[in-house]
Amino acid sequence: MVGYIVRRLLQAVLVVFVVTIIVFLLLHSLPGGPARAILGPRATALQVQQFNVANGLNQPLVVQYFTTVGGWLRGDFGFSYVLNQSVGSLLVERLPKTIILAVFALILTVIVAIPIGIYQAVRRNRTFDYVATGLSFIFYAAPTFFLGLIMIEVFSSYLGWFPPEAPQSNGVVPIFQDFSAMVLPIVTLALLGIAGFSRYMRSSVLDNVSQDYVRTARAKGASSSRVLWRHVLRNALIPIITLLGLSLPALFAGALITESIFNFPGMGLLFWQAAQQSDYPVEIGVVIITAFATVIGNLLADVSLAAIDPRVTL
Numbered sequence: 001m002v003g004y005i006v007r008r009l010l011q012a013v014l015v016v017f018v019v020t021i022i023v024f025l026l027l028h029s030l031p032g033g034p035a036r037a038i039l040g041p042r043a044t045a046l047q048v049q050q051f052n053v054a055n056g057l058n059q060p061l062v063v064q065y066f067t068t069v070g071g072w073l074r075g076d077f078g079f080s081y082v083l084n085q086s087v088g089s090l091l092v093e094r095l096p097k098t099i100i101l102a103v104f105a106l107i108l109t110v111i112v113a114i115p116i117g118i119y120q121a122v123r124r125n126r127t128f129d130y131v132a133t134g135l136s137f138i139f140y141a142a143p144t145f146f147l148g149l150i151m152i153e154v155f156s157s158y159l160g161w162f163p164p165e166a167p168q169s170n171g172v173v174p175i176f177q178d179f180s181a182m183v184l185p186i187v188t189l190a191l192l193g194i195a196g197f198s199r200y201m202r203s204s205v206l207d208n209v210s211q212d213y214v215r216t217a218r219a220k221g222a223s224s225s226r227v228l229w230r231h232v233l234r235n236a237l238i239p240i241i242t243l244l245g246l247s248l249p250a251l252f253a254g255a256l257i258t259e260s261i262f263n264f265p266g267m268g269l270l271f272w273q274a275a276q277q278s279d280y281p282v283e284i285g286v287v288i289i290t291a292f293a294t295v296i297g298n299l300l301a302d303v304s305l306a307a308i309d310p311r312v313t314l
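Printed below as a string of structure tokens:
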């Protein structure tokens with residue numbers, strides 16, 4: 001087990017290393033270089049030269065790479081000249097909000113999707129199974145921005161149940177003080193996951209129901225409910241663990257659109273505004289943090305799967 005974890009750690013480090021190289025090369029492939037991209041087209045040649053010297057951009061690329069990556073590891077992602085604030089402070093301010101949105105969306109996804117998938121498998125080829133399958137396909141195919149606009153139109157404009165805008169606070173605590181404003185963003189972000197997770201759960205339960213250990217348990221006189229909840233469910237949940245790690249990129253991508261629709265001041269909205277204003281240091285900081293989170297999520301999923309399922313070959 002220890003050797004498996006070490007190998008997965010090394011693979012994760014390799015992936016992060018490749019991502020940092022790609023991001024670094026993309027930054028230096030911008031027209032006119034990083035200085036011209038950050039300072040803007042009106043910057044004079046002297047200003048560009050002074051910027052390059054001040055930020056070490058006159059050094060060889062190899063030296064620049066290790067200097068840049070060293071800064072990223074220390075939490076130094078540069079300075080946003082558009083917002084007149086360090087990128088690190090912006091990420092510290094916005095990242096907890098995105099984490100709250102993603103965590104609650106993931107919790108809602110698991111709570112709703114797993115029972116739906118189980119009931120679909122138990123009642124397969126029945127009315128509920130057909131209806132749930134149809135809704136899953138609709139939510140899975142619908143763009144996030146479309147779902148968000150529908151949520152605002154129905155539950156805010158028409159019914160008036162929830163505010164159309166997420167909490168506009170600078171801290172994390174005020175979010176929980178006005179949590180009703182978080183309902184629509186959380187549900188919008190969770191709908192796509194519910195559609196996918198329920199389908200995987202249905203397939204996993206159906207696969208396990210046909211296994212020999214289920215027939216053996218029934219032959220020993222175990223009731224259908226005992227077989228389902230004590231035997232089938234435990235094994236059917238194993239693929240969901242992998243999905244939890246793989247869902248992190250989708251959560252962050254969905255958060256970008258969801259935060260933009262509901263004007264939620266998290267990392268997604270920060271990235272959206274940075275893209276509109278060509279604020280490259282902020283964009284790079286968000287990309288690096290997202291890449292780290294994705295790699296860590298996949299690593300934890302792999303290790304958890306190996307620890308829970310003895311059938312996994314380490």
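Final position of the sequence shown in the UniProt record's numbering is 314; the numbers increase by one with none missing.
The beta carbon of each residue, even a glycine, is placed where N, CA and C say it ideally should be.
Paired residues, beta bridge with residue i - DSSP
i: S80; result: Q85
C-beta contact flag for residue i and residue j at 8 Å
i: S247; j: L106; result: yes
i: residue 352; j: L244; result: Because the chain spans 1 through 314 in this model, residue 352 falls outside it and cannot be assessed.
i: V232; j: V205; result: yes
i: I38; j: Y65; result: no
i: I186; j: F139; result: no
i: V183; j: F197; result: no
i: A35; j: F51; result: yes
i: V110; j: G285; result: no
i: R199; j: S136; result: yes
i: V287; j: V122; result: no
i: F271; j: G148; result: no
i: M201; j: A132; result: no
i: G134; j: L192; result: no
i: T144; j: I257; result: yes
Closest by C-alpha distance to residue i, when choosing among the options
i: E93; options: F128, R42, Y119 and Q168; result: Q168
i: I241; options: D302, R7 and W272; result: D302
i: T68; options: P281, I150, L300 and S203; result: P281
i: T20; options: T133, S203 and I289; result: I289
i: P174; options: S210, F137 and I100; result: I100
i: D279; options: L90, L46 and N208; result: L90
i: L14; options: L135, F292 and K97; result: F292
i: G56; options: G148, A181 and G71; result: G71
i: F79; options: P239, A54 and L95; result: A54
Unbroken alpha helix (DSSP H) runs of length 4 or more, entirely within the segment 220-296: which are they?
233-236, 238-262 and 267-276
Write down every uninterrupted run of the alpha helix (DSSP H) in the segment 149-210 whose length is 4 residues or greater and which is fully enclosed by it, in chain order.
173-177 and 183-209
Is the number of C-beta pairs between the segment 267-277 and the segment 143-162 that are closer than 8 Å three or more?
no
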